[in-house]
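Have a look at the structure below, then the notes.
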Amino acid sequence: MQMSRLRACAGLSTINAVFKHEPRAAMKLITANFHQDTTTADNVVATRPLEEIPGPSSLPLIGPLLHFLPGGSIGTRVGIELSEVLYKTYGPIVRIDGMLGKPTFIFLYDADACAQVLRGESTYPVRPGFQSLEYYRKEYVKPKQELTGLITDHGEPWKAMRSAVNPVMLKPKTVQLYAHVLDEVAQDMIARMKSLRDENNKIPGDFDVELNKWALESIGTVALGGRIGCLDPNLPADSPARELIQNIHEIFQLVQDLDFKPSLWRYYSTKNFKKAMYLFDRQMELSKIYIKRAVKDIEKAKGTVSANEKGILEKLLEVDENMAVIMASDMLFAGVDTAANTVLATMYLLAVNPDKQQKLREEVLQQDDKQRYLKACIKESMRMLPVVSGNLRRTTREYNLMGYHIPNNTNIIFNHQYLSLMEDQFPRPAEFIPERWLTTADDPLHHGRASPFANMPFGFGARQCIGKRIAALEMETFVSRLVENFEIGWEGGDLNVVSNSLNYVKGPFDYTFKDI
Ligand code: HEM
């Protein structure tokens, strides 16, 4: 997505007026009437069937495929561009029938309807996705595992693991133990950036890969209990660290193709599928090498560390060693691209809003522990350019949603990036205004005027991101070191964001980093 696209979306508050099928007023009425009846399917009064939800037309066998071919009504659009065309054409609830082995999806653009589904979830919310990893963990690995991890498990096994790791990973005091080492990583990254800079204060080459190294080094200290060495310029070519970095990079590339594009691996073992299985295997083995090393260090330090000083890996190992290894793998899987791309977007928004950058720098230099403006800048960046554009659930019961009957086991997408760019949720949505997260309720910009279901960068409820506190600490630490050391500039056009499973910031990386 280019930034101009973001600006275009922001002007979309009037779009509803041009719905072909349901003008906005009519939709609001329908929404209001049907929201009263939210609890159980027994309450469901006469609703229209799911098949009547507006959406691209379908043909037998191929479903709506023709719309998604180049030149079709949707074409190859993904991410926010796909959200936009669906919303503009069909309105706040859209159905895309299943095709090529993919199930039917319902897209929601109405914050109240998102709230209705998410608030109505059972104690076992289901978030489908990452099927190749799920296949690896559930079918490929022998002997079969009972626990496969938070990303891939559902129902009772997911609940058991989540209940065990919640008190460890979401406890602010435990997360805070990493403040020092994450700051070390941030400072090493600043030194690396200085060494990579050219005479024009630019960092040539794949700056996204550099940010991935920072993110992997950061999450690695938490997941694997120690520094990996990603930022070390003299890392030996045959070191496990180098292989781990390469492995995770390749996994992300492959997962995009296998899980988010039409792929035949579900029918036979394609070349990419075989490669992914090999990479998943290696990631497990490499994680185990690091975890073994950490276990030795923990053994050595036994008796010298109080319960309050025990880190996340140590606490998870006390619960169950297998679980600690799986959780480490999930952290590496979910914690690298997410944090790296959020920081890339934040740097861009600070660069093109130098007054906000200066305000942030003043707060950082004052060493204000509350870091309110810093937190607000990151929140605002995640509102405008979130790395995850929408979230997903498979319903665990029936709903009556906006006048339509949604059966159990239906896949629903909550388009929170699009919702967060709507004028009636966040006024002046295309402007980077961190202050909106800090003002009082009487301010027209106050974030509290938006539905909490419009902007959910870390998801919702029992299944929300388990790494959100760790990610926040990593990003706050690094962004504050960035503005302390550099005046961040931008010499290019709009930021180039490409949607795959995530929103990826792609080159050209026209940042400049002048010493302060
Ligand atoms: C900016 C950084 C990040 C963002 C925006 C982000 C966003 C998300 C979102 C939207 C979900 C889905 C939540 C839901 O279904 O309601 C999620 C799940 C998850 N995230 Fe993150 N994440 C980030 C960083 C991290 C990090 C650093 C870790 C590693 C500790 C992590 C680990 C996970 C895991 C394991 C899940 C699955 C949780 C479950 O299903 O129980 N994430 N994340």
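Position 75 (the sequence shown) corresponds to 116 in this note's numbering; numbering is contiguous. Where is the CB? At the ideal position from N, CA and C, for every residue including glycine. Since the model is a prediction, treat every value here as computed from it, not as a measurement.
DSSP three-state assignment for residue i, whether helix, strand or coil
{"i": "Asn456", "result": "coil"}
{"i": "Ala73", "result": "Residue placement at Ala73 cannot be trusted, given a pLDDT of 32 that sits under 50; the coordinates are not used to answer."}
{"i": "Phe146", "result": "strand"}
{"i": "Val346", "result": "coil"}
{"i": "Leu406", "result": "helix"}
{"i": "Met497", "result": "coil"}
{"i": "Met140", "result": "strand"}
{"i": "Gly261", "result": "helix"}
{"i": "Arg118", "result": "coil"}
{"i": "Asn382", "result": "helix"}
{"i": "Asn275", "result": "coil"}
{"i": "Ser104", "result": "The sequence as given places Gly at residue 104; Ser does not occur at that position. DSSP places Gly104 in strand when its eight states are reduced to three."}
{"i": "Arg510", "result": "helix"}
{"i": "Arg89", "result": "strand"}
{"i": "Thr451", "result": "coil"}
{"i": "Asp338", "result": "helix"}
{"i": "Leu391", "result": "helix"}
{"i": "Leu482", "result": "What sits at residue 482 in the sequence shown is Ala, not Leu. Three-state result, Ala482: coil."}
{"i": "Asn242", "result": "coil"}
{"i": "Phe473", "result": "coil"}
{"i": "Gln412", "result": "coil"}
{"i": "Met425", "result": "helix"}
{"i": "Leu462", "result": "coil"}
{"i": "Pro97", "result": "coil"}
{"i": "Ile269", "result": "coil"}
{"i": "Gln297", "result": "helix"}
{"i": "Gln505", "result": "coil"}
{"i": "Cys50", "result": "Confidence is the limiting factor: at Cys50 the pLDDT is only 42, short of 50, which leaves the residue's position unreliable, though a coordinate-based value still follows. In the structure shown, Cys50 sits in a helix (DSSP, three-state: H, G or I)."}
Residue i Cβ short of 6 Å to ligand 2 heavy atom set
{"i": "Val296", "result": "Ligand 2 is absent from the structure shown, which contains only ligand 1."}
Residue i, buried or exposed, once every other Cβ within 10 Å from all chains shown has been counted against 16
{"i": "Gln157", "result": "buried"}
{"i": "Asn382", "result": "buried"}
{"i": "Thr436", "result": "buried"}
{"i": "Asn57", "result": "Summary for Asn57: the model assigns pLDDT 31, below 50, so the residue's position carries little reliability, and this model does not support an answer."}
{"i": "Ser173", "result": "buried"}
{"i": "Leu536", "result": "buried"}
{"i": "Thr345", "result": "exposed"}
{"i": "Thr451", "result": "buried"}
{"i": "Thr387", "result": "buried"}
{"i": "Gly444", "result": "buried"}
{"i": "Gly352", "result": "buried"}
{"i": "Lys214", "result": "exposed"}
{"i": "Gly508", "result": "buried"}
{"i": "Ile147", "result": "buried"}
{"i": "Tyr559", "result": "No information on residue 559 is available, as it lies outside the stretch 42 to 557 that the chain covers here."}
{"i": "Asp151", "result": "buried"}
{"i": "Arg89", "result": "exposed"}
{"i": "Ile447", "result": "buried"}
{"i": "Gly120", "result": "buried"}
Contact check, residue i vs residue j, beta carbons under 7 Å
{"i": "Leu373", "j": "Ile289", "result": "yes"}
{"i": "Asn363", "j": "Thr553", "result": "no"}
{"i": "Glu272", "j": "Met318", "result": "Residue identity check: residue 272 is Leu in the sequence provided, not Glu. No."}
{"i": "Glu476", "j": "Pro470", "result": "no"}
{"i": "Ala335", "j": "Gly266", "result": "yes"}
{"i": "Ser99", "j": "Asp138", "result": "yes"}
{"i": "Tyr389", "j": "Leu401", "result": "no"}
{"i": "Asn38", "j": "Leu295", "result": "Limits of the chain in this structure are 42 at one end and 557 at the other, which puts residue 38 out of reach."}
{"i": "Asn432", "j": "Gly500", "result": "yes"}
{"i": "Phe550", "j": "Phe248", "result": "yes"}
{"i": "Val384", "j": "Met497", "result": "no"}
{"i": "Leu320", "j": "Glu291", "result": "yes"}
{"i": "Met140", "j": "Gly104", "result": "yes"}
{"i": "Val405", "j": "Ser521", "result": "yes"}
Paired residues, beta bridge with residue i - DSSP
{"i": "Thr193", "result": "Thr193 pairs with nothing; no bridge assigned."}
{"i": "Val135", "result": "Phe148"}
{"i": "Asp556", "result": "Phe527"}
{"i": "His446", "result": "Asn441"}
{"i": "Arg233", "result": "DSSP output for Arg233 lists no bridge partner at all."}
{"i": "Tyr545", "result": "Val539"}
{"i": "Val226", "result": "DSSP lists no partner for Val226."}
{"i": "Val216", "result": "Bridge partners of Val216: none, in fact."}
{"i": "Val167", "result": "Arg435"}
Min CB distance residue i to chain D below 7 Å
{"i": "Ser328", "result": "Chain labels in this structure do not include chain D; a single protein chain is all it has."}
For the 8 Å Cβ check, are there 3 or more pairs between the stretch 124-134 and the stretch 412-427? Because the criterion of three Cβ pairs below 8 Å is not met, the stretch 124-134 and the stretch 412-427 do not touch.
Inter-stretch contact at 8 Å, needing at least 3 Cβ pairs: the stretch 220-237 / the stretch 253-260: Put simply, the stretch 220-237 touches the stretch 253-260. At least three CB pairs are less than 8 Å apart.
Looking at C-beta atoms only, is the number of pairs between the stretch 187-200 and the stretch 449-464 that lie closer than 8 Å three or more? Flag = no, the stretch 187-200 and the stretch 449-464 do not touch.
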